[in-house]
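Trainee:
In this note's numbering, the protein residues as written are 31 to 834.
(1) Decide yes or no for the touch test of the region 551–560 against the region 524–533: beta carbon pairs closer than 8 Å, at least 3 of them.
(2) So which of 689, 275, 808 and 309 has the shortest CA-CA distance to residue 324?
(3) What would DSSP say about residue 251, mapped onto helix, strand or coil?
(4) In the DSSP assignment, what are the bridge partners of residue 2?
(5) Which stretch, first to last residue, makes up the beta strand (DSSP E) that contains residue 709?
(6) Identify, in the order they occur along the chain, each residue of the same chain with its Cβ nearer than 6 Å to the Cβ of residue 203, setting aside the five sequence neighbours on each side.
(7) Give the DSSP-derived three-state secondary structure of residue 823 in the structure shown.
(8) With H, G and I counted as helix, E and B as strand and the rest as coil, what does DSSP make of residue 549?
(9) Assess contact between the region 466–474 and the region 383–396, defined as three or more Cβ pairs (one per stretch) separated by less than 8 Å. Is contact present?
(10) Just how far apart, CA to CA, sit residue 243 and residue 209?
(11) Can you check which of these residues, 802, 127 and 103, is closest to residue 914 by C-alpha distance?
(12) Quick one: residues in its chain with C-beta nearer than 7 Å to the C-beta of residue 90, no 5 flanking neighbours on either side, listed in chain order?
(13) Please report the straight-line C-alpha distance between residue 197 and residue 330, rounded to a whole angstrom.
(14) Roughly how many whole angstroms lie between the Cα atoms of residue 807 and residue 730?
(15) Leaving aside the five residues before and after residue 293 along the sequence, list all residues of the same chain whose C-beta is less than 7 Å from its C-beta, in chain order.
(16) What does a CB cutoff of less than 8 Å around residue 759 pick up in its chain, not counting 5 residues either side in sequence?
(17) Excluding the 5 residues flanking residue 282 on each side, which residues of the same chain have their C-beta closer than 8 Å to its C-beta?
(18) Distance, Cα to Cα, residue 489 vs residue 577?
(19) Determine the burial state of residue 820: buried for a count of at least 16 other Cβ atoms within 10 Å of its Cβ, exposed for fewer.
(20) Could you tell me whether the Cβ atoms of residue 733 and residue 770 are closer together than 8 Å?
(21) Counting only the same chain and skipping the five closest in sequence on each side, list residues whose C-beta sits under 7 Å from that of residue 100.
(22) Hey, residue 193 and residue 125 are a contact pair by Cβ (cut 8 Å); roughly how many whole angstroms apart?
(23) Just checking, does the region 528–542 make contact with the region 501–518 on the three C-beta pairs under 8 Å criterion?
(24) Spatial neighbours of residue 570 within its chain, please: C-beta separation below 7 Å, excluding the five flanking residues on both sides.
(25) What's the call for residue 704, buried or exposed, on a 16-neighbour Cβ count within 10 Å?
(26) Label residue 558 either buried or exposed according to how many other C-beta atoms from any shown protein chain fall within 10 Å of its C-beta, with 16 as the threshold for buried.
(27) If contacts are defined as beta-carbon pairs under 8 Å, then residue 822 and residue 768 qualify, I think. What distance do you get, rounded to the angstrom?
(28) Do residue 735 and residue 766 have their CB atoms nearer than 8 Å?
(29) Here's the rule: buried if 16 or more other CB atoms are within 10 angstroms of the residue's CB, otherwise exposed. What is residue 764?
(30) Can you tell me whether residue 723 is buried or exposed? The criterion is at least 16 other CB atoms within 10 Å of its CB, across all chains shown.
(31) Measuring only the C-alpha atoms, how far is residue 35 from residue 342?
(32) Output needed for residue 215: all residues of its chain with C-beta closer than 6 Å, excluding positions within five of it in sequence on either side, in chain order.
(33) Rounded to whole angstroms, what is the Cα-Cα separation between residue 59 and residue 106?
(34) Got a sec? Which residues, its chain only, sit under 7 Å from residue 111 by beta carbon, not counting five neighbours each side?
(35) Between residue 370 and the rest of its own chain, which residues show a CB-CB distance below 6 Å, the 5 nearest in sequence each way excluded?
(36) Out of 494, 507 and 495, which one is the CA nearest neighbour of residue 485?
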């Protein structure tokens, strides 16, 4: 687990470390040049302090000093050449000079090495200065030590390979130089001649060893971006660890060893104590450093995990946007290999990601429409890889035979050095746009034809009322020639009684208060008579919302107006007829029901006065007279109710159907007891209706449900409501278990006087369901019936919900 409070160390970017190392390399070259110059001055002016650091130690020979000066200049020229533009002449001159001086160093070391190997004297050792043969640590006059000569041979080779960009080989030779020089330095510090001298020959001076070490570090720093050094300067965990550990590995053991040796030589402690002390110190120092380094790496790893999580989230967001982008988009290598494509492009082509990723872009299905299309794409990729932005329109192939036109582009992406490292192909489907453009042209043509050839009058009118364009139908309608209409205004041919309203509408439209308007108005025909028209007007504005012209559609409604006048006359006549029908219903109610009442009174008198006199046959006749009278009275009442449904409308109010059904069931109490019927009523809604008509509707439907039942089975009726999906209406359902009827009678049963059974079996007038339909229609609803013989019937009607 990572401690959230642990702060990650500041990680320096690789390029920043490389820049600092190159600056150090330049400084190292100057330091070595400076040491060489100081030594030469010491030889020139016999200043032993400059030739040797300690009188007992060996001197740095003049040839050695020259070798360091030339090596330092070679490294400096190489660094300057790499900082210059590769196209400049100074770049080439610096690199050539660096190579020449590197060869000089090789020759210097090689000649000296040959002198030792074959006991030769090329005369190069005392060209500048002569040293006595009895000088300290000298066996061959002014000749440099054999290990020094070997190091110059390695150093020159490293500089030569550095100039030729063979970085791994250069760094290998440089490390050998460092090891030989470091061994010489340790020999001086530990006073072990074997480390800095070979046999009886001249030994490597301590400042010679230091100069080699500085020079080696300078060469390694100069090529830090390449070879083995690339690992050391990496900003990853390995590079960070290497940069932390290497300085300690190089410095701590020699220092600890020297301290232990000093204590031993000073008789402070015996050798065993010294070695133990060195082991403990080494363990403590390296253990502590490893702990610190581990802590740092843990912090780095925690930071890496956070970065990785953030990168993952960023990549997920990128892919979410990338794949959902409406355009076709992808990523290409500069050579045209597809490395990514969004889901939109894949779906369009009907291809899987693994079928196209890692393959040449032009081989994907999109571009196989023709060889010419593929060749055009190859050429575009080649140009884009040179940094050119490419864009053109092209047809590509999708799933099946789908072909679309896209606006295609290739955008090059460059790195910090200006090198193209990525290409972004993008395609926008413009097929619809092309179709729209084509349709726009077709639409303009259709508008022209529709305008000119329309059967109704069409006109374009300026904001001040002048006709700008008129079609043939309008000219025929008004009796004018086209040139005559274009020379006038709509105000000139409008009836004065209609002009103010028309102008008011146009002002509202110009002010933006209304978008369109329609009105009936009268125009003067060219011959002087009036014609009625239906005028529909809209306004066309430009992109700055400035009014351009009105578009008017003029339809001749003169015949319609005449028909409307006739309809008004018919409506008046119908209202008069309805009043007469209502009067007739009153007469029927009075003149037909009065005799029936007298018949009932006489029947009652006969029954009361002579029932004992009449035999059984007479009693039957009286009962039959009573039944005929009741049927006649019911028939007349229902006829009267049917007429009132047509002629006497009452305002609709809120009606609770639960209350209505309970009242109806109370009225049907006798029938329920006689039939042993059961009526199951669920919660019913409150609706907008006529209360009396709702009572009559439910009474007729429930009475029928109780009436038409199997003689041996008690009727069971269910009443419930449900939503009908229209939003503003309920559907009321009455379901029974009665005798039912055939499906072909679903509509016939609602017609007047239609009976499916004889009166001997089931009484009735044949008007009950007709009245139900009239009531439902009067409330703006519908009523339907469905049934299977022997399995009961279901009646459903719709009714408007209660208004809020």
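The C-beta atom is built at its ideal place from N, Cα and C for all residues, glycine as well.
Mentor: Quick answer:
(1) yes
(2) 275
(3) helix
(4) The requested residue 2 is not part of the displayed model; the chain covers only 31 to 834.
(5) 708–711
(6) 184, 187 and 188
(7) strand
(8) strand
(9) no
(10) 8 Å
(11) Summary: the structure shown does not reach residue 914, with the chain confined to residues 31 through 834, and so no result is reported for it.
(12) 69, 81, 235, 237 and 238
(13) 29 Å
(14) 15 Å
(15) 299 and 304
(16) 811, 828, 829, 830 and 831
(17) 312, 315 and 316
(18) 16 Å
(19) exposed
(20) no
(21) 131, 134 and 135
(22) 6 Å
(23) no
(24) 578, 579 and 581
(25) exposed
(26) exposed
(27) 5 Å
(28) yes
(29) buried
(30) buried
(31) With a pLDDT of 46 at residue 35, under the threshold of 50, the predicted position of this residue should be treated as unreliable, and no value is reported.
(32) 239
(33) 6 Å
(34) 121, 124, 125 and 128
(35) 360 and 361
(36) 507
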